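Down below is the structure, laid out as C-alpha cells.
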Amino acid sequence: MKLNRRTAAALLTVGLAATSTTLTAPSASASSMHGCSYPQVCLYDGSYQNGTKFSWYQDTTYQAIIGGGNRVDAVVNTRNDDSVWLIDQGASPDAYICIPRNTAVNLGDYAHPNGTTWANDADAIKIWGDPDDGRCSGTWQVRQGRVDDGWRP
Numbered sequence: 016m017k018l019n020r021r022t023a024a025a026l027l028t029v030g031l032a033a034t035s036t037t038l039t040a041p042s043a044s045a046s047s048m049h050g051c052s053y054p055q056v057c058l059y060d061g062s063y064q065n066g067t068k069f070s071w072y073q074d075t076t077y078q079a080i081i082g083g084g085n086r087v088d089a090v091v092n093t094r095n096d097d098s099v100w101l102i103d104q105g106a107s108p109d110a111y112i113c114i115p116r117n118t119a120v121n122l123g124d125y126a127h128p129n130g131t132t133w134a135n136d137a138d139a140i141k142i143w144g145d146p147d148d149g150r151c152s153g154t155w156q157v158r159q160g161r162v163d164d165g166w167r168p
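Residue numbers for the sequence shown follow my numbering, so the first one is 16 and each next one is one higher.
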C-alpha cells in the first residue's frame with residue numbers, strides 16, 4: 016500500500032511539474048516600441064527616441080516611401096519574424112539596409128555606400144514575409160548590400 020501511495024505521489028508531482036512548465040513556458044509575444052504598434056514598421060523624422068513618426072507599413076510588398084522618401088532618419092520594426100529593407104534607389108545599383116525583427120535603428124549611425132549615412136537616403140521599403148525568419152543575412156545585426164537588378168518589380 017505504501018508503494019502505491021509513493022507511486023501516486025510521484026506521478027502527481029511529475030504531472031504538476033509538467034503542468035507548471037507548460038503554464039510558464041515563454042511564448043512569442045507581439046509588442047509595440049517607441050510609439051510603433053505591432054505588426055508595423057514605422058519611419059521617423061528624427062531619432063526613434065524623440066522624433067516624429069511620419070509613416071508606417073505592414074504589407075509585405077515593395078512600396079515607395081510615402082512623402083517622397085529621402086526623409087527617413089529612423090526605423091522601428093515591431094514584427095516578430097520579418098526583416099525589413101529600406102532601399103535607396105538613387106544608388107547604382109540600388110542599395111539596401113536590412114533591419115532585423117524587433118529592432119529600432121537610427122539611420123545616422125550607419126554609413127551609406129555613398130560616403131554619408133543612411134539618414135535621409137531611403138526612398139522605398141520591402142518587408143520580407145514568410146518564409147523570412149527575421150534575420151539579415153543570417154544574423155540579428157543590421158546589414159547592408161546592393162539590390163540585384165532582377166529583384167525589383
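We put the beta carbon where it would ideally sit given N, CA and C, even for glycine.
Remember, predicted model here, so these are calculated numbers, not experimental data.
Whose CA, out of the options, lies closest to the CA of residue i?
i	options	result
Gly153	Tyr59, Thr76, Asp96, Ala126	Asp96
Cys113	Asp60, Gly50, Arg161, Gly61	Arg161
Asp147	Tyr77, Ser98, Ala137	Ser98
Cys57	Gln104, Ile140, Gly144	Ile140
Gly61	Asn129, Gly105, Val90, Trp143	Val90
Gly66	Thr76, Arg86, Thr75	Arg86
Ile102	Asn129, Asp136, Asp88, Thr131	Asp136
Tyr59	Asp88, Thr75, Thr76	Asp88
Among the residues of its own chain, which have a CB less than 6 Å from the CB of residue i, if the five just before and after it don't count?
i	result
Gln55	Trp71, Gln73, Thr93
Trp133	Ile112, Leu122, Tyr125, His127
Trp100	Tyr111, Cys113, Lys141
Gln159	Ile112
Thr1	Any property of residue 1 remains undetermined from this structure, which presents the chain solely from 16 to 168.
Trp155	Pro115
Ordered along the chain, which non-local residues of its own chain (more than five positions away) have a Cβ less than 7 Å from that of residue i?
i	result
Ser47	Tyr53, Thr93
Tyr63	His49, Ala89, Val91, Ala119, Asn121
What are the residues that DSSP puts in a beta bridge with residue i?
i	result
Asn92	Val56, Thr118
Ala110	Asp103, Arg161
Ala126	Thr132
Trp71	Cys57
Gln78	Ile140
Quick check: residue i and residue j, are their CB atoms within less than 7 Å of each other?
i	j	result
Gly84	Asp138	yes
Output needed for residue i: all residues of its chain with C-beta closer than 8 Å, excluding positions within five of it in sequence on either side, in chain order.
i	result
Val157	Ile112, Cys113, Ile114, Pro115, Thr118, Val120, Tyr125, Cys151
Ile81	Phe69, Ser70
With 16 as the cutoff for other CB atoms within 10 Å, does residue i come out buried or exposed?
i	result
Ala79	exposed
Asp145	exposed
Trp143	buried
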